[in-house]
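These notes are about the structure you will find just below.
The following block contains the structure:
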């Protein structure tokens, strides 16, 4: 590799990419340009559909199936990639430019061990012999702070945790000593506490090897920790580009400002009326049939009428299981669920219709929670008939009324779910829950699959509906920003138990319970020095870490 | 892993016994539903009614069906499948010889058909939507869609009648050497292979292609691997499960589905035996042959489940 002075490592000019959308070629990247120096990290930020992954992947000379490069140039060390044959591009991919995918769990081949997959690039590209590549894998696993680096390579992907897999994928990308690594949302699928650790490891490894990187993320705060420079993209256009610190301190475009302000905190309502307890979950212990591990142990949660209780915790903390117990999908092995002081039958099948009606649920994946072959009016209208027996003209009026409530136009009644955007689909799911006129709605990660700004809209809608209808929410989420935005009360769950429960102001202010503090301190902040400071503080023992809590 | 495997095998074996039991009842009912019995079949239509009645009494055909079935069942459980009503020979001895011939046919076919089927599937997946893929797909579709006797006669017309390379009648005997036997059975083997290769090729292609949208395949592309390596090293190992199922289904077909082919080529296998037995209303032979066929199915599918489990790294290497 000749390191020519004065030449940029990567230079993309006026790149136009089109995608085949329902048989028509439409532009998804509009004449974007980018330069990257050796050792520099550039952040690509945007919501879904911004084209950030598509753009980032072009550094490999790659476009996803159904996309094509129409014009423009991509120069790697002065060599043009556009128009190169597949065979020539293969020499670059995984060799000079490497890729780290969003979901390591899906992007590692389940049939081969980590070491087999690590050694593939360097050996196939003729850079190393197998034995050298093995040695290198141990070195890289160690660089990324993986446990037992000598032997972890012998494991299969399913034998390693999500955070470890993401580290292994970064290690794999470093395997053939590339000039550039493309990180495509590498920590988005991880829990906050795991995300921090992986981010820290990635940042260190990238610095240690002095590789250049393109860091793609929807999360401005995460990118802020990694990037020297940032590009904000929207619908394939460049909104703003500049030095990371400057942009955070002084965003020029309105859209960037909006993205920056997403995490602002709302004031929780105080003065809970203790007499009006609507739901008590008392000493619930539950396990899934056929297993002998308690997923919930001795859980107590109260929901006050008209208020929002946020249940927060990482994956595996038991928060969704709690929802299943309350709705009767999973009868508990001990404990009871009381609604207005009256005990509900443990199993869904034996509950009277009235009880079913008063507790409704909204799910994370609006896509799969709706029948794709039913029109919106039928989806919203079904609970009206089933619970309330409303039919005919009155039924149609109610449907339109509900559409107005969720701020969608009336003509959406005739549409199918496929014709709606993600946020609109979630709104329809909210309308369906409201149609039953429930007293309590369980919201299971309802904004997790949505873009930040869309999620904001959904949260606003939920809050407005609560004011109007006095409905209570049990809001399950892993995202503390959402909790801050919507909760009156917070329940913190960890490994199947409740760590802490109380008013938002109390939980989110010191003194913290150790696990709550770990969670809170792990939420990325819009401060470029935040990650470095946090790592330092944790090393000095001023803040808890997952190890200090005895987590694996 | 081992324990699960043993559990599953035992469970399937128990189910298999119930299946065999059910099949034996169905066969009895089926033979009962046929017009005529072994006596009228052997003695011919011109036989005196008195002769026929004497024959029926001698063979115990006048007992009610459930009594006859009960007797058969008791003996069968003890391993005694009785004697043929038509020629008074031991059923097990008769079947033993024929089973060997049928298994020989099946194994020889499998030896060619399985590797060829999978290889063609991999090639079609690798060059999907190209001319090679279209040629392979069209050819196999043609052979699947044609009736097996039709394929058999076409092969016979070409290789036995026109070219005279191979015998039209596949008469194998224990005294034959390997090559001689192979030549004698070449046409039935080829016919069976044509049909089964098609199934296996199509399933292999489909299972590989369905995996090509997986993130780990995209990852493999982005690692700069060649298309051949991506298909063989990254897609195929994850496609084994459905391929194994269809391979085994075809192995079962090679044992059980050969009836027509054995008859066409007058091959002395189980298929030809059961056809003769049905013509003669020879219940013990039909019953025993059907048991062998059913057992072949049960055992092969237990094998398929075991292999599928072994092919899954999640089950092979526990957390």
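Chains as they are written, first to last, in the numbering used here: chain A, 6 to 557; chain B, 463 to 781.
For every residue, glycine included, the Cβ atom is placed at its ideal position computed from N, Cα and C.
Keep in mind that this is a model prediction, so the values were computed, not measured.
Contact of residue 220 of chain A with chain B is not assigned, every C-beta pair being separated by 8 angstroms or more. Here residue 485 of chain B carries a helix assignment [DSSP, helix/strand/coil].
Within the segment 689 to 752 of chain B, the complete alpha helix (DSSP H) segments of 4 residues or longer fall at 698 to 718, 721 to 726, 732 to 741, listed in chain order.
For residue 86 of chain A, no CB of chain B lies under 8 angstroms from its own CB, so it is not counted at the interface with that chain. Counting only the Cα atoms, residue 464 of chain A lies some 22 angstroms from residue 306 of chain A. Within chain A, the residues 161, 164 have their CB atoms less than 7 angstroms from the CB of residue 779 of chain B, given in chain order. As a beta-bridge residue in DSSP terms, residue 30 of chain A pairs with A:25. DSSP links residue 78 of chain A through a beta bridge to A:18. Residues of the segment 102 to 121 of chain A that bring their beta carbon within less than 7 angstroms of a beta carbon in chain B comprise 104, 106, 108, 111, 112, 113, 114, 115, 116, in sequence order. DSSP places residue 242 of chain A outside any alpha helix (DSSP H); the residue lies instead in the beta strand (DSSP E), whose first and last residues are 242 to 248. Residue 23 of chain A sits buried, since 16 or more C-beta atoms from the chains shown fall within 10 Å of its C-beta. The C-beta distance from residue 507 of chain A to residue 494 of chain A rounds to 7 angstroms, short enough to meet the 8 angstroms contact threshold. Residues of chain B whose Cβ lies closer than 8 angstroms to the Cβ of residue 65 of chain A are, in chain order, 684. The way I'd put it, the segment 469 to 487 of chain B does touch the segment 751 to 764 of chain B; three or more beta-carbon pairs between them come closer than 8 angstroms. Comparing C-alpha distances from residue 332 of chain A to each of A:445, A:33, A:29, A:504 shows the shortest one belongs to A:445.
In this model, residue 189 of chain A and residue 38 of chain A are separated by some 18 angstroms (Cα to Cα).
At a cut-off of 8 angstroms, the C-beta of residue 99 of chain A has a neighbouring C-beta in chain B. The beta carbon of residue 95 of chain A falls within 8 angstroms of a beta carbon belonging to chain B, placing the residue at that interface. Between residue 206 of chain A and residue 149 of chain A, the gap from beta carbon to beta carbon is short of 8 angstroms.
In this structure residue 196 of chain A is buried. Its beta-carbon is surrounded by 16 or more other beta-carbon atoms within 10 angstroms. A Cβ of chain B is located within less than 8 angstroms of the beta carbon of residue 126 of chain A. For the segment 213 to 241 of chain A, the set of residues with a beta-carbon nearer than 7 angstroms to any beta-carbon of chain B is empty. Apart from sequence neighbours up to five positions away, the residues of its chain that approach residue 193 of chain A with a beta-carbon distance below 6 angstroms are 107, ordered along the chain. Counting of Cβ neighbours within 10 angstroms places residue 543 of chain A among the buried residues, the total reaching 16 or more. A check of alpha carbon separations from residue 224 of chain A across A:26, A:55, A:480, A:429 identifies A:55 as the nearest. The beta-carbon of residue 666 of chain B is placed no less than 8 angstroms from the nearest beta-carbon of chain A. Nearest CB-CB separation between residue 596 of chain B and chain A: not below the 8 angstroms threshold.
Contact annotation: the segment 661 to 672 of chain B does not touch the segment 732 to 749 of chain B, with fewer than three C-beta pairs closer than 8 angstroms. Listed along chain B, no residue sits closer than 9 angstroms to residue 400 of chain A by beta-carbon distance, the nearest being about 41 angstroms off. The continuous alpha helix (DSSP H) containing residue 655 of chain B extends over residues 648 to 673. Assignment of alpha helix (DSSP H) within the segment 578 to 660 of chain B, counting only whole runs of 4 or more residues, yields 593 to 607, 610 to 617, 640 to 646 in chain order. The C-alpha of residue 735 of chain B lies about 34 angstroms from the C-alpha of residue 470 of chain B. Apart from sequence neighbours up to five positions away, the residues of its chain that approach residue 705 of chain B with a beta-carbon distance below 8 angstroms are 580, 583, 662, 665, 666, 669, ordered along the chain.
Residue state for residue 40 of chain A is assigned as strand, using DSSP reduced to three classes.
Closest in C-alpha terms to residue 146 of chain A, from the list A:64, A:176, A:160, comes A:176. Per the DSSP secondary-structure output, residue 164 of chain A pairs with nothing in a beta bridge.
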